[in-house]
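I have placed the structure first, in the form of structure tokens, so that the comments after it can refer back to it.
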Amino acid sequence: MDLLLPVHPPLGKAAPSASMIMASSPFQITVVKREVTCAVSFLLLTIISSFFLFDFLRPFQYQPISKVSGFFSQYLPGGSTNDRSGLLRREDEDDKKQQLLQVGCDYSVGRWVREEASALRFYDEDCPFLDPGFRCRRSGRRDVEYLNWRWQPDGCDLPRFNASDFLERSRNGRVVFAGDSIGRNQWESLICMLAQAVSNKSAIYEVNGNPITKHKGFLRMRFDDYNLTVEYYRMPYLVVTDRPPKDAPEVVKYAIRLDKLHWYSKLWAGADLLLVNDGHWWNAGKTTDQGFYFQEGDTVNMTMEVEEAFRRSLQTWKTWVMENLDPMKTHVAFRSYSPVHYRDGTWDGGGRCNTSFAPEVNYTRLEAEPWNNKFIHDVVKQLRDGYSQVQFLNITYLTEFRIDGHPSQYREPGTPQPAPQDCSHWCLPGVPDTWNEVLYANLQSKGFRTK
1 MDLLLPVHPP LGKAAPSASM IMASSPFQIT VVKREVTCAV SFLLLTIISS
51 FFLFDFLRPF QYQPISKVSG FFSQYLPGGS TNDRSGLLRR EDEDDKKQQL
101 LQVGCDYSVG RWVREEASAL RFYDEDCPFL DPGFRCRRSG RRDVEYLNWR
151 WQPDGCDLPR FNASDFLERS RNGRVVFAGD SIGRNQWESL ICMLAQAVSN
201 KSAIYEVNGN PITKHKGFLR MRFDDYNLTV EYYRMPYLVV TDRPPKDAPE
251 VVKYAIRLDK LHWYSKLWAG ADLLLVNDGH WWNAGKTTDQ GFYFQEGDTV
301 NMTMEVEEAF RRSLQTWKTW VMENLDPMKT HVAFRSYSPV HYRDGTWDGG
351 GRCNTSFAPE VNYTRLEAEP WNNKFIHDVV KQLRDGYSQV QFLNITYLTE
401 FRIDGHPSQY REPGTPQPAP QDCSHWCLPG VPDTWNEVLY ANLQSKGFRT
451 K
């Protein structure tokens, strides 16, 4: 916005004195007043119309990169409005007020604001429910700057995460995560965030006695005091991967059954919250390049593009939700794509992310909108027509800045060397904690509570 500056007289001429102005005729004064009134009115109309025009032009899902100026804004120390430690001391009554104020807020658009980690952290790497691959400091990472940032939405505040409230809302219920290992990242984050409200950590355990390790299958963490399970089902494609039909070409090693949801889906029935993620395995490198082709019915399609296959798999998921979940009971959230940050190469070709120790500030290096998100958003929109308790959990934009939050070379002990850097997953504590804050805020606004 242009600044309104005082108008100076032409060079070589003196400015009128106060006595000269006071001596002006009433007619001259009236004209001046009229001109000032018109100018002010025009300025106000311009400002108001610009806001309406900006909201009309802004994309539905994401804030354009050009509007990210002020991304590194830092509030002055001691400011009561943004004192995170002060927020953590507020009473539950303030939380209820926040819920009323936050309805309709778009938490996906905003900026990262620096604050000391002690005011932000919900847990640390001593949380017993973390996979070794996400404990970056124990794996050798020495800097802590990546822990010193919180997400500040535009025009509103992100309600603080209240573990006790989340547990009470979920009492006697089931929270289910389904998807790839990035979903596992978020699942472990939530377990550690919730565990802070449980004094007896031995009352939190895996139902089948399985350890927290990267393995194929599923895990169910039980919070005994609340009769609650928080579950994770590993299924990178959501749909079934199977042996190909006998008459399939020799190049077909496996078939991705686009019209058949993974059998784990039978275990989701009755969940109170189903949080799904998908997309990271939907690329040529993890499908057709490795002999995974797409099958519908008894036929393998040798020419179908990955994008079209992904779209059809989501339709299969949508149909399953409509036919198997109760919209009066189960809240459904589909998380958007979590950006990867391989710089100067691919994940297996020297790509790295260990050169950044703070959120990205070079906006030209931010990636374009992931194509996966369009299909995810579309299927959620379609589902809303018959299933009211569904949301698109939009975390892509806020995550795109966080190149500093990955394990990079600080991978779990025992990883064969030399190994590619991990610029897909996230250190914990870290960025997925913010995803869960956004999830919690959205659930609050929708009145989530187990029956």
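Numbering (the UniProt record's numbering), first residue to last: 1 to 451. The beta-carbon is built from N, C-alpha and C at its ideal position, and this holds for glycine as well. Computed from a predicted model, the values in this text were never measured in an experiment.
- Take Asn-324, set aside five residues on each side of it, and the residues of its chain with a beta-carbon closer than 7 angstroms to its own are Ala-269, in chain order.
- Distance between Arg-234 and Leu-219, taken at the CA atoms: about 9 angstroms.
- By the CB criterion at 9 angstroms, Leu-274 and Val-239 fall outside the cutoff.
- Annotation for Phe-122: Phe-161, Ala-163, Cys-192, Met-193, Gln-196, Pro-429, Asp-433 place their beta carbon closer than 8 angstroms to its own, counting only its chain and skipping 5 residues before and after.
- 9 angstroms or more divides the Cβ of Phe-177 from the Cβ of Leu-158.
- The residue from Val-198, Val-332, Ala-248 with its alpha-carbon nearest to that of Arg-384 is Val-332.
- Nearest neighbour of His-341 by Cα position, chosen from Arg-449, Pro-370, Asp-124, turns out to be Pro-370.
- Cβ neighbours of Ser-265 within its own chain (closer than 7 angstroms, five residues either side excluded): Trp-320.
- Pairing Gly-133 with Pro-211, the inter-Cα distance amounts to about 14 angstroms.
- In the DSSP secondary-structure assignment, Trp-112 is bridged to Trp-151.
- In terms of CA proximity to Thr-303, Pro-249 leads the group Ser-445, Arg-138, Pro-249, Tyr-410.
- Approximately 18 angstroms separates the beta-carbon atoms of Arg-184 and Tyr-205; this is outside 8 angstroms, ruling out the contact.
- Each residue's CA atom was taken as its position, placing Tyr-232 and Leu-130 some 13 angstroms apart.
- For Gln-186, the closest of Gln-444, Thr-450, Leu-443, Trp-435 by C-alpha to C-alpha distance is Trp-435.
- Residue pairing from DSSP places Ile-204 in a beta bridge opposite Phe-223.
- Short of 8 angstroms from the beta carbon of Gly-405, and not among the five residues preceding or following it, lie these beta carbons of its own chain, in chain order: Tyr-146, Trp-426, Cys-427, Gly-430, Val-431.
- A distance below 9 angstroms separates the beta carbons of Pro-236 and Ser-181.
- Separation of Gly-140 and Pro-407 (C-alpha to C-alpha, rounded to the nearest whole angstrom) is 10 angstroms.
- DSSP places Val-198 outside any beta strand (DSSP E), giving it a letter other than H or E.
- Counting along the chain, Tyr-233 sits inside no alpha helix (DSSP H); it lies in the beta strand (DSSP E) bounded by residues 228-234.
- Comparing C-alpha distances from Trp-149 to each of Arg-135, Val-113, Arg-138, Asp-124 shows the shortest one belongs to Val-113.
- Per DSSP, the continuous beta strand (DSSP E) segment holding Thr-299 begins and ends at 299-301.
- In the DSSP annotation of this structure, the continuous segment of the beta strand (DSSP E) that includes His-331 starts and ends at 331-335.
- Shown here for Gly-217: same chain residues with a beta carbon closer than 7 angstroms to its own, the five before and five after excluded, namely Arg-234 in chain order.
- Below 8 angstroms, enough C-beta pairs join the stretch 286-306 and the stretch 241-248 to call them touching: three or more.
- Annotated three-state conformation of Lys-260 is strand, per DSSP.
- Counting along the chain, the unbroken beta strand (DSSP E) around Thr-241 starts and ends at 239-242.
- Apart from sequence neighbours up to five positions away, the residues of its chain that approach Trp-347 with a beta-carbon distance below 6 angstroms are Pro-420, ordered along the chain.
- Boundaries of the beta strand (DSSP E) harbouring Phe-292: 292-296, taken from the DSSP string.
- Within the DSSP bridge table, the entry for Val-175 names Val-230, Leu-273 as partners.
- When secondary structure is reduced to three states using DSSP, Arg-137 falls in the coil class, being assigned neither helix nor strand.
- Here DSSP, grouped into helix, strand and coil, assigns Leu-314 to helix.
- It is roughly 17 angstroms from the alpha-carbon of Glu-367 to the alpha-carbon of Asn-283.
- Beta bridge pairing from DSSP links Ala-419 with no other residue.
- Annotated as distal: Gly-291 and Lys-329, with beta-carbon spacing of 9 angstroms or more.
- Distance from the CA of Arg-449 to the CA of Gly-386, rounded to the nearest whole angstrom, comes to 20 angstroms.
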